[in-house]
Amino acid sequence: MPITTDNSSRVYQQANLLWFYPAKLEDSGMYWCIYNSTRINKSLTVFENSIGLCFNKGMVFEQKIPLEYNGKLTCPDLQNFRNDENAPFALQWYKECHLHLYEDWKFSSSGEHLLINKVTKEDEGIYICRAKHIYQGKEYNISRAIRLITFETPKKYPDIIYPNNNSIEVNLGSRFDLICNVSADPLDKMVIVTWMFDNEILNTNEKVQFLSGKQIIEVKLNISKVKDRDYGKYLCEVWSERVIQVAYVMLNYPAPNIQIYVIGGLISPLFIIVASLLTYRFFKVDIVLWYRDSCQHLSKGTSDAKVYDAYVLYPHNVSGSAYLTETFVFKLLPEILEKQCGYKLFILGRDDVPGQAVITIVDKMIKLSRRVIIILMPDLYCGGRQNLFSEQELAVYSALIQEETKVILIQLDKIKDFNSVPESLRYLKQKHGILTWRGTFTKTTEMATTRFWKNVRYQMPASPSPLSSNLHFLPITFHSSQISDG
Numbered sequence: 001m002p003i004t005t006d007n008s009s010r011v012y013q014q015a016n017l018l019w020f021y022p023a024k025l026e027d028s029g030m031y032w033c034i035y036n037s038t039r040i041n042k043s044l045t046v047f048e049n050s051i052g053l054c055f056n057k058g059m060v061f062e063q064k065i066p067l068e069y070n071g072k073l074t075c076p077d078l079q080n081f082r083n084d085e086n087a088p089f090a091l092q093w094y095k096e097c098h099l100h101l102y103e104d105w106k107f108s109s110s111g112e113h114l115l116i117n118k119v120t121k122e123d124e125g126i127y128i129c130r131a132k133h134i135y136q137g138k139e140y141n142i143s144r145a146i147r148l149i150t151f152e153t154p155k156k157y158p159d160i161i162y163p164n165n166n167s168i169e170v171n172l173g174s175r176f177d178l179i180c181n182v183s184a185d186p187l188d189k190m191v192i193v194t195w196m197f198d199n200e201i202l203n204t205n206e207k208v209q210f211l212s213g214k215q216i217i218e219v220k221l222n223i224s225k226v227k228d229r230d231y232g233k234y235l236c237e238v239w240s241e242r243v244i245q246v247a248y249v250m251l252n253y254p255a256p257n258i259q260i261y262v263i264g265g266l267i268s269p270l271f272i273i274v275a276s277l278l279t280y281r282f283f284k285v286d287i288v289l290w291y292r293d294s295c296q297h298l299s300k301g302t303s304d305a306k307v308y309d310a311y312v313l314y315p316h317n318v319s320g321s322a323y324l325t326e327t328f329v330f331k332l333l334p335e336i337l338e339k340q341c342g343y344k345l346f347i348l349g350r351d352d353v354p355g356q357a358v359i360t361i362v363d364k365m366i367k368l369s370r371r372v373i374i375i376l377m378p379d380l381y382c383g384g385r386q387n388l389f390s391e392q393e394l395a396v397y398s399a400l401i402q403e404e405t406k407v408i409l410i411q412l413d414k415i416k417d418f419n420s421v422p423e424s425l426r427y428l429k430q431k432h433g434i435l436t437w438r439g440t441f442t443k444t445t446e447m448a449t450t451r452f453w454k455n456v457r458y459q460m461p462a463s464p465s466p467l468s469s470n471l472h473f474l475p476i477t478f479h480s481s482q483i484s485d486g
C-alpha cells in the first residue's frame, strides 16, 4: 500500500526518501519505489544491538589503515541527517563501547573523522560513532559501527638520488659544495646520512623535507677552498634499520681544454698563412730585394746570352717635357740602376754608334736586353697627340706584345686619360702594371732605397749581367737647359 507523505506520521515519504521516526522491528521487509513506470525494490532490515553491546556484530562497516601511518576513520552515511545550515555533527566516538577513547593521545576528533596517530596492531577493533538528531522537537540517536583493519605496507629502503658514482672537475682554489640527496620512507626515523673521505667522517649540514609522501634528506659538505689534498673519492653512506647504501663522487682536476688546443691548432696555421700573405702583399718588394741581396752569392749567374739588363725607350724631342725626360733618363736611371745597383742599361742617344739606323739599333738591342723600360709622358697624350710616336716606335710596342718581352712602364707624372694612349701601351699597362714617378731631383730621390726605386728594382732581373769590357759611355748633349749634379 502507498506510504503517506504526512511528516507527522512515524513513517512517511519525503521526495525520494522514506523516513522512520523511530524504526521498529516490524518495519523490516520489502519496499517498492515506482518512478516513471519503473519499479525498484529495496529490502529493509531493522536490527537490535547484540546482547551486552552497543552495536550489532552483523552490521559493521570495514575501514583499513596501514600500520605505522597516521590515519582516520570516517563515520559513514550521515549526509541525509544534516540540518538546513549543513552544520557538522557533534560526534562521540567509542572503542568497543568504552567512553574514554580521547584520553589516549593517539586519538582526536575532527568533524566526521576520528584521527589516529601512528596506527599499530593494537588499534584494531570496533569503533562506534554516535550523533544526536532532533526531529520535531524529539531527540534520536544515530550510530555506526566501524571495524578498523590494519595492514603492512612494503618497507621502502632509502634511495640515494645523488651522487650516482660520477665524477666532477673542480678548479684548484675554488669554493665547492658536495650534496648527498636521499629519498626515504616518511616513517623511517632511523636514516643516517654521512659524507666520508679517506676513511674519515666529515662535518656536514643536514636538512630534511617531506615531499609527495617521501622523506627527502639533504646532507651538504662545504669545501671553502679546494686544495690538492681535497681531490679524490667522496662516499655518501646511508644507514637505515635494514640496509647500508653507498654512492661516490670523484673530485678531479679539470681536464685540459682540448677544444682550445684544437681551435688554436686550426687557427694558428690559418693566422700564420693570412699574416704571411698580408706580409708578402705589403712587403713583397722588400722581401724579394732582401732575398736577392742576402742570397746573391748563391746565384749561378745568367745564361740567357743577354748583354744588357734593360733597354730604355723614351720619347724624343717632346717640347715642354724634354728637360724632365732627359734628366730622368740620362741622370737618374744610370745613377740608381747602374752605379748603385750594378745593372747595365742601353739608352739610345748615349750608347749607340752614330750613323747606325735607329730601327736597326732598337730591334737589335731589345733582343740583347732582358727588360725594356718604357718612359711615358702625360703631355704626349693631350688632345690626341699620338702621332708624336714614330711608326718605328709603334712597331716596337707591337713586337714587344708579340714576343712577350718583360716590360717596365714608368710614367713621369700621372696620365689622366689612358684611353688616348696607343692600344699596345694600354695592353702593356694591363699586363705589367705601371710605375709613377712623382719625385723631384734631390739627393733623396737619387737613393735606391726609396719606394719608387725599390719597385723598379723589383721588376729588374734578380742578378745584373756580367760587366762588359766592350761597353763604352758616350758624352751626352742635352737638348734643353744644363743638368746640375744637385
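The end of the sequence shown is residue 486 by full-length UniProt numbering, with every number in the run present. Each residue gets a CB set at the ideal place from its N, CA and C atoms; glycine is no exception.
query                                                                                                                                                                      : result
Take the Cβ of GLU391 as the centre, count every other Cβ of all protein chains shown within 10 Å, and call the residue buried at 16 or more, exposed below.               : Unreliable positioning characterises GLU391 in this predicted model, as indicated by a pLDDT of 45, which lies under 50. The coordinate reading is nonetheless provided below. By the neighbour-count rule (16 or more Cβ atoms within 10 Å), GLU391 is not buried but exposed.
For ILE374 versus LEU428, is the C-beta distance shorter than 9 Å?                                                                                                         : yes
Could you compute how far the alpha carbon of ASN16 sits from the alpha carbon of SER43?                                                                                   : 15 Å
Going by the beta-carbon positions, is the gap between LYS339 and ASP309 smaller than 9 Å?                                                                                 : no
Report all residues from its chain with a CB closer than 6 Å to the CB of ALA131; omit the five preceding and five following residues, and keep chain order.               : PHE89, LEU91 and ILE142
According to DSSP, simplified to helix, strand and coil, what is GLN136?                                                                                                   : coil
Suppose the cutoff is 8 Å on Cβ atoms and the five residues either side in sequence are ignored; what does the same chain contact list for LYS106 look like?               : ILE116, ASN117, LYS118 and ASP123
For THR325, count the other beta carbons within 10 Å of its own beta carbon; 16 or more makes it buried, fewer makes it exposed. Which is it?                              : buried
Which first and last residues belong to the alpha helix (DSSP H) in which PHE346 is found?                                                                                 : First-last for PHE346: 345-347, but that is the beta strand (DSSP E), not the alpha helix (DSSP H).
Along the chain, where does the alpha helix (DSSP H) that runs through VAL262 open and close?                                                                              : 258-294
Taking the DSSP output, what are the residues bridged to ALA310?                                                                                                           : LEU345
Would you say VAL219 and VAL246 are within 9 Å of each other, going by their C-beta atoms?                                                                                 : no
Excluding the five sequence neighbours on either side, which residues of its own chain have a C-beta within less than 8 Å of the C-beta of PRO464, listed in chain order?  : ASP309, CYS341, GLY342, TYR343 and LYS344
Taking the continuous alpha helix (DSSP H) assigned at LEU324, which residues delimit it?                                                                                  : 322-327
For GLN63, collect the residues of the same chain with a Cβ closer than 8 Å to its Cβ; drop the 5 residues on either side in sequence, then sort them by chain order.      : LEU73, THR74, ILE146, ARG147, LEU148 and ILE149
Considering only DSSP beta bridges, list what GLN14 is partnered with.                                                                                                     : LEU17
Just reading off the beta strand (DSSP E) that VAL249 is part of, what are its end residues?                                                                               : 244-252
Assuming VAL312 contacts PHE282 under a Cβ cut-off of 8 Å, what Cβ separation, rounded to an integer in Å, is found between them?                                          : In fact, because the Cβ distance is near 29 Å, the residues do not count as touching under 8 Å.
How is the alpha helix (DSSP H) around GLN430 delimited, first residue to last?                                                                                            : 423-432
According to DSSP, simplified to helix, strand and coil, what is LEU388?                                                                                                   : Confidence is the limiting factor: at LEU388 the pLDDT is only 43, short of 50, which leaves the residue's position unreliable and the question unanswerable from this model.
Looking at the structure shown, is TRP453 part of a helix, part of a strand, or coil, going by DSSP?                                                                       : helix
Determine the extent of the beta strand (DSSP E) in which MET196 is found, giving its start and end residues.                                                              : 192-197
Along the chain, where does the alpha helix (DSSP H) that runs through ILE359 open and close?                                                                              : 358-367
Note down the Cα distance separating THR477 from ARG370, rounded to an integer number of angstroms.                                                                        : Any reading at THR477 must be qualified, since the residue scores a pLDDT of 36, below 50, and its modelled position is unreliable; the value itself is stated next. Each residue's Cα considered, the two are about 27 Å apart.
Can you tell which of LEU178, GLY173 and HIS98 has the C-alpha that lies nearest to the C-alpha of VAL167?                                                                 : The sequence as given places Ser at residue 167; Val does not occur at that position. Nearest C-alpha to SER167: LEU178.
Can you list, in chain order, the residues of its chain with a C-beta nearer than 8 Å to that of LYS225? Leave out the 5 residues immediately preceding and following it.  : GLY173, SER174 and ARG175
In whole angstroms, give me the CA-to-CA distance for PRO163 and LYS233.                                                                                                   : 11 Å
Within the same chain, show all residues whose beta-carbon is closer than 6 Å to that of LYS414, passing over the 5 residues directly before and after it, in chain order. : THR436
Below 8 Å, is the gap between the Cβ of THR325 and the nearest heavy atom of the ligand ZN?                                                                                : Looking at this structure, you won't find the ligand ZN or any other ligand, since it has none at all.
Which residues does DSSP list as the beta-bridge partners of ALA184?                                                                                                       : GLN215
CA-CA distance, GLU237 and ILE244?                                                                                                                                         : 7 Å
In the DSSP assignment, find the beta strand (DSSP E) that holds CYS33 and state where it starts and stops.                                                                : 29-35
Hey, LEU251 and TYR231 are a contact pair by Cβ (cut 8 Å); roughly how many whole angstroms apart?                                                                         : 5 Å
Mark GLN430 as exposed unless 16 or more other C-beta atoms lie within 10 angstroms of its C-beta, in which case mark it buried.                                           : exposed
For ALA15, would you say it is in contact with chain D, using Cβ-to-Cβ distances shorter than 9 Å as the test?                                                             : No chain D appears in the structure shown, which is made up of a single protein chain.
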